[in-house]
DNA sequence: TCTAAAAATGACAACGTTGGACATTTTGTT
DNA sequence: AACAAAATGTCCAACGTTGTCATTTTTAGA
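Chains as they are written, first to last, in full-length UniProt numbering: chain D, 1 to 341; chain B, 1 to 341.
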């Protein structure tokens, strides 16, 4: 690998002049500059980032330590958001995946620290609590889509309560009053927060939500979910008093419910309105009509987390809640006339 | 940031001894080792990767230059495959995104070269031709999901022809003879190769495929696609002679077609069998019955590309075609009795 | 107790680059 | 031709670590 010395020799100048061409300090005459650049090209010279770093230059590296590189768009969007900021600021992204193993995480962090990354971002595929046990050694750190009990760092999470509120508002404002909510798995942060937002909206409209219409639709084992949902829908529509709108914990569930309803001969949105969560385009835009859903701001989470770490040096330690914005497509309409009280 | 010198001073030894503890070459006495390790901990010492590199150690870095970090699982799966190999071999992944801009690509490659990455992988979100114009300077390089005209590097692509053949075989072996193919956008590599495989399979079964059943189902502008597909299905089922199986260029299209068929009162697979391409789980597993589809081996492509670059130092320059394997779920059955000739 | 061998430790250069403090040469201007 | 300005060179130090080789300390054997 050619060094600055080789270039200097080839161009018949001192290494100092080559260095000057590289860093553009004092002026170098047109002629010698050309000669040097020529030499660099023939030798395929590429300055060593290591040597420069050693001299104290910032590394331009940013680490993302992801719990899981999921196939679903969440991780990808977060990383894409961070990547966008890095691109803007001329940084390069280093990726590590822990797979949820504390020892892997520890090893990764140590490695990233050795590489003197300028920032370290921890990302999880869903909104949850984490504990960062390892030593961070002063590296600017922030959390994306997750949070610590002791909030020692900037942490950026979706405003799930606001999301639940927004989802309810969509159908409430369309005139619905009989609203079911097929929630995510119990115990998840998102589940609890969204339920709170949902109840708040209902309460504001003077509606008491029926407990039997508040169902945990998602299953930990996805294979069972369809059957489970089918049963849930059966129960919802068994009695004379049927809901006119169903909020679903994610877009996948929403899609499944739409399928189930269609089989029962119920039209969406004419008979039943549906709202999803996530706004995974692969689903929400693929359906006809397009799925009305509450978008989870993964991209923004990544972007903000990245920006905070790189701007503030990870100094601020607070929690930022990014709004979940409703995306109106075609699965919400006014409740059917006959269903109105 | 504490250096080896600080540690040495704190522990009252020479820097060389600290270095020995770090690298475990010659033995260091129990007593001094403890003293040094203690010092390291109090100082939060982390050795500088830059300094080590300068001394000639491999960097342990692998670069992925992605054309696009898509939200669809393709990019993610490729990267995940590479990441898996990196994890195994103790390397760390550096990510760059070109957005399809040649100048960005050039800048990124230069940056990666400065960092002395041990391998450079170019990845595209779909199977296509690329031209690598920039100077690679001997860095081991390979292409994932794309290929060059001048095959100067290892390039790993999906066997789309085999995939088209496999898709056709699925329905042919289920007894279908009236098979429509809703293809991807014309001109794409995958489109042409799959069509070839499709025709081969049909020919082997002595069937001449009808030109009016060979439709380009996908639209460059996704918003129009649903209407377009709806029209296509209308045409397919307008005459008395109707297809009993439809192959779709991707899972999204398959999902849309299933929706459209369901609205027409046609049951899948009882009346019509459907096969997709991609095996995007978010779709293929979410449907009921699960979508029978031909999986694109994105993960394996990433994995193989990574392995080749890191094992062989990017020396071999050949094209590897990774098989597309059929995934049998529930959308293919025997053709309806009445439709049999 | 002394000696030789083995074990433990240390001094110093080198990796490739940049920066400082100057000295020297080349160029351009009157 | 004289002079200033611009361009280039020299030399050394520094960044943090590791390899080579020399030196010191410890251990074992007589």
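The beta carbon of each residue, even a glycine, is placed where N, CA and C say it ideally should be.
Runs of the beta strand (DSSP E) spanning 3 or more residues and lying entirely within the region 169 to 199 of chain D occur at 179 to 183, in chain order. If the five residues before and after residue 165(B) are omitted, its C-beta is found closer than 6 Å to the C-beta atoms of 197, 200 and 201, all from its own chain and listed in chain order. A distance below 7 Å between beta-carbons, with the five flanking residues on each side excluded, links residue 244(D) to the following residues of its chain, in chain order: 176, 178, 272, 273, 335, 336 and 339. Neighbours of residue 252(B) in chain D, taken as residues at a C-beta separation under 7 Å, are given in chain order as 282 and 286.
Only exposed fits residue 58(D), as fewer than 16 other CB atoms lie within 10 angstroms of its CB. Take the alpha-carbon of residue 268(B) and the one of residue 248(B): they are about 14 Å apart. For residue 216(B), the beta-bridge partners assigned by DSSP are 183(B). Residue 126(D) sits away from residue 167(D), with the two beta carbons spaced by 8 Å or more. It is roughly 8 Å from the alpha-carbon of residue 326(B) to the alpha-carbon of residue 163(B).
Listed along chain B, no residue sits closer than 9 Å to residue 147(D) by beta-carbon distance, the nearest being about 24 Å off. At a Cβ-Cβ threshold of 8 Å, residue 71(B) and residue 297(D) do not count as neighbours.
For residue 188(B) and residue 140(D), the gap between their C-alpha atoms comes out near 44 Å. When 8 Å is used as the limit between beta carbons, residue 315(D) is near no residue of chain B, the shortest such separation being about 17 Å.
Within chain D, 69 have C-beta atoms less than 7 Å from the C-beta of residue 80(B), given in sequence order. Nearest to residue 136(B) by alpha-carbon distance, out of 120(B), 130(B) and 150(B), is 120(B). Interface flag for residue 235(B) against chain D is unset, since no Cβ pair is found closer than 8 Å. Per DSSP, residue 76(D) is one residue of the alpha helix (DSSP H) stretching across 73 to 89. Residue 227(B) carries a helical assignment under DSSP once its states are collapsed to helix, strand and coil. For residue 47(D), the neighbours in chain B by C-beta distance under 7 Å run, in chain order, 114.
In the DSSP assignment, residue 258(B) falls within the unbroken alpha helix (DSSP H) covering 251 to 263. For residue 12(B), no CB of chain D lies under 8 Å from its own CB, so it is not counted at the interface with that chain. Using a 10 angstroms sphere on the CB of residue 50(D), the tally of other CB atoms reaches 16 or more, which defines it as buried. In summary, the residues of the region 94 to 109 of chain B whose CB is separated from some CB of chain D by less than 7 Å are 94, 95, 96 and 97, in the order they occur in the chain.
When 7 Å is used as the limit between beta carbons, residue 255(D) is near these residues of chain B: 286, in chain order. In the structure shown, the three-state DSSP call for residue 211(B) is helix.
When the alpha-carbon of residue 89(B) is set against those of 303(B), 97(B), 15(B) and 299(B), the nearest one is in 303(B). Closest in alpha carbon position to residue 98(D), among 66(D), 92(D), 118(D) and 129(D), is 66(D).
Just so you know, the alpha carbons of residue 156(B) and residue 214(D) end up roughly 49 Å apart. Straight-line measurement puts the Cα of residue 212(D) at about 11 Å from the Cα of residue 239(D). By the CB criterion at 8 Å, residue 193(D) and residue 160(D) fall inside the cutoff. Membership of residue 133(B) in any beta strand (DSSP E) is not indicated, and neither H nor E is assigned to it by DSSP. Across the set 259(B), 102(B), 144(B) and 37(B), the C-alpha of 37(B) shows the shortest separation from the C-alpha of residue 10(B). Below the 7 Å Cβ cutoff, chain D contributes 69, 95 and 97 as neighbours of residue 83(B), in chain order. When only Cα atoms are considered, residue 28(D) and residue 8(D) end up about 14 Å apart. The alpha carbon of residue 221(D) has as its nearest neighbour, out of 185(D), 203(D), 230(D) and 251(D), the alpha carbon of 185(D). Not a single C-beta of chain D is nearer than 8 Å to the C-beta of residue 279(B).
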